[in-house]
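Undergrad: In order, the protein sequence lines correspond to chains Z and D. All the letters of the first sequence, read from the start, carry residue numbers 1 to 136 under this note's numbering. All the letters of the second sequence, read from the start, carry residue numbers 137 to 272 under this note's numbering. Dumping the structure here so I can ask a few things about it.
Protein chains: 2
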Amino acid sequence: MLSKKTKYGLKALSYLASLEDRQPVQIAEIAKQENISQKFLESILLTLRKSGLLGSKKGKGGGYYLIKEPKDILMTDVMRILEGPIALVPCVSLNFYEKCEDCPDEATCSVHKLMLQVRDSALTVYRHNTLADLIE
Amino acid sequence: MLSKKTKYGLKALSYLASLEDRQPVQIAEIAKQENISQKFLESILLTLRKSGLLGSKKGKGGGYYLIKEPKDILMTDVMRILEGPIALVPCVSLNFYEKCEDCPDEATCSVHKLMLQVRDSALTVYRHNTLADLIE
DNA sequence: TAATACCCTATCGATTTGATAGAGTATGCA
DNA sequence: TGCATACTCTATCAAATCGATAGGGTATTA
């Protein structure tokens, strides 16, 4: 299941991308437009800023804004920042690899075999979608 | 993330499929061979039996066995039984559909759009894999 | 009839999730 | 300068979920 964090993060990014200019937008505006708890959204936007997808401006007239153009923001990056690993098990993860404790041999593991295919299929989707594609 | 329940369930099914005959196999044997907590596995096998994938025999010489041939057991069915919805959000689920509370319009929702593609890519994988494919 | 092995319910600690509260700090403008 | 604005950060919390375990019940077979 997709976490609310990821869902809200995607919606917030889409909202920013849908605006014509790249002026700072207040948290309150995004929260209201997208039906998101403002405080929760606050922490999500902070994550996105720290990871380099968003910029922020403090004080009056401040807010959050996209640093890159929507067409240059890949879903692979967004998903890894918000949701974490794209793989369903650590032993097939490219960026978060971990060996299974219980599994003696990955090469013959049926779960490994299946999850490798699932990961690749998901990666293909995320690599072919930018933020711009989502708001068309 | 894939739950341990699904992971163990897949391993147990693969173990049964890898055996030559279809005689009942005791929980203890599967648990030992696949490094799974026996009690936990017990509840998983019970789920698989209730859903029709496994049969069981009580008493001495009893155990669990596959009802269908491995090549006739689709991963779509296995995953739905063990893990639940294949979709990452209920609003794109075929078998567990639910409307999002916060989302005013699915047709224009960016999350919906992306998750629809992810679901389809996962479904394609699960539909093209049977239990027999996993143990090759 | 006794041993075996599945059946079922209950419980429990740990973790995660989604949300909230509140104080701190930088900025812009009058 | 001083104040209002709006992001920043930490702490907390209830609820849900997960993985695991315990223990007794019941059907079957040798």
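Where a beta carbon is used, it is the ideal one built from N, C-alpha and C, also for glycine.
1) Since residue 150 of chain D contacts residue 271 of chain D with CB under 8 Å, what's their CB separation in whole angstroms?
2) Which one or two residues does DSSP pair with residue 56 of chain Z in a beta bridge?
3) For residue 92 of chain Z, which of helix, strand or coil comes out of DSSP?
4) Take residue 212 of chain D and list the residues in its own chain whose beta-carbon comes closer than 8 Å to its own, dropping the five residues that flank it on each side.
5) In this structure, does DSSP put residue 146 of chain D in helix, strand or coil?
6) My assumption, with CB atoms under 8 Å, is that residue 188 of chain D sits in contact with residue 209 of chain D. Please give the rounded CB distance.
7) Could you please give the first and the last residue of the uninterrupted alpha helix (DSSP H) stretch that includes residue 212 of chain D?
8) Using the beta-carbon of each residue, which ones in chain D are nearer than 8 Å to residue 7 of chain Z?
9) Do residue 63 of chain Z and residue 25 of chain Z come within 8 Å of each other at the CB atom, strictly closer than that value?
10) Round the Cβ separation of residue 144 of chain D and residue 190 of chain D to the nearest angstrom and send it over; I've been treating them as touching at under 8 Å.
11) Under 7 Å Cβ-Cβ, which residues of chain Z neighbour residue 271 of chain D?
12) Below 8 Å between beta carbons is the criterion; list the residues of the segment 154-187 of chain D that meet it against any residue of chain Z, in chain order.
13) Pull up the CB-CB distance for residue 251 of chain D and residue 2 of chain Z, whole angstroms please, since I reckon it's below 8 Å.
14) Verify the contact flag: residue 131 of chain Z, CB atom, against every heavy atom of the ligand FMN, threshold strictly below 7 Å.
15) Would you kindly work out how many angstroms separate the C-alpha atoms of residue 97 of chain Z and residue 120 of chain Z, rounded to a whole number?
16) Is it buried or exposed, residue 243 of chain D, if we count other Cβ atoms within 10 angstroms and call 16 or more buried?
17) Using the beta-carbon of each residue, which ones in chain D are nearer than 9 Å to residue 11 of chain Z?
18) With distances taken from CA atoms, which of D/156, D/249 and D/265 is nearest residue 201 of chain D?
19) Work out the CA separation of residue 225 of chain D and residue 49 of chain Z for me, nearest whole Å.
20) Chain Z beta carbons: is any one of them nearer than 8 Å to that of residue 229 of chain D?
21) Going by DSSP, what residue range makes up the alpha helix (DSSP H) through residue 123 of chain Z?
22) Let me check understanding here. Comparing Cα to Cα, which of D/141, D/140 and D/146 lies closest to residue 113 of chain Z?
23) Is the Cβ of residue 121 of chain Z closer than 8 Å to any Cβ of chain D?
24) Could you check where the alpha helix (DSSP H) with residue 269 of chain D kicks off and where it finishes?
25) Am I right that residue 206 of chain D and residue 266 of chain D are in contact with their C-beta atoms under 8 Å? What's the rounded C-beta distance?
TA: In this structure, then:
1) The Cβ separation is near 5 Å, so the contact holds.
2) Its beta-bridge partners are Z/64.
3) Of the three classes helix, strand and coil, the one that applies to residue 92 of chain Z here is helix, per DSSP.
4) Within the same chain, residue 212 of chain D has close Cβ partners 222, 259, 262 and 263.
5) Three-state result, residue 146 of chain D: helix.
6) Not confirmed; about 10 Å, so no contact.
7) In the DSSP assignment, residue 212 of chain D falls within the alpha helix (DSSP H) that extends over 211-218.
8) 225 and 247, listed in chain order.
9) For residue 25 of chain Z and residue 63 of chain Z, yes; Cβs fall inside 8 Å.
10) That belief does not hold up - the Cβ atoms of residue 144 of chain D and residue 190 of chain D are roughly 13 Å apart, past 8 Å.
11) Residues of chain Z passing the Cβ test: 110.
12) Residues 170, 171 and 172.
13) Confirmed, Cβ separation roughly 7 Å.
14) No copy of the ligand FMN occurs in the structure displayed, which carries no ligand at all.
15) Rounded to whole angstroms, residue 97 of chain Z to residue 120 of chain Z spans 15 Å at the Cα level.
16) Exposed.
17) Ordered by position in chain D, the residues that pass the 9 Å Cβ test against residue 11 of chain Z are 238, 239, 245, 246 and 247.
18) The candidate whose alpha carbon is nearest that of residue 201 of chain D is D/156.
19) A direct Cα-to-Cα measurement between residue 49 of chain Z and residue 225 of chain D gives close to 25 Å.
20) Under the 8 Å criterion on CB atoms, residue 229 of chain D is classed as non-interfacial with respect to chain Z.
21) Start and end: 110-127.
22) That would be D/146, whose Cα lies nearest to the Cα of residue 113 of chain Z.
23) Interface residue (Cβ-Cβ distance to chain D less than 8 Å): residue 121 of chain Z is classified as such.
24) For residue 269 of chain D, the enclosing alpha helix (DSSP H) covers residues 267-270.
25) Indeed, because the Cβ distance is near 6 Å, the residues count as touching under 8 Å.
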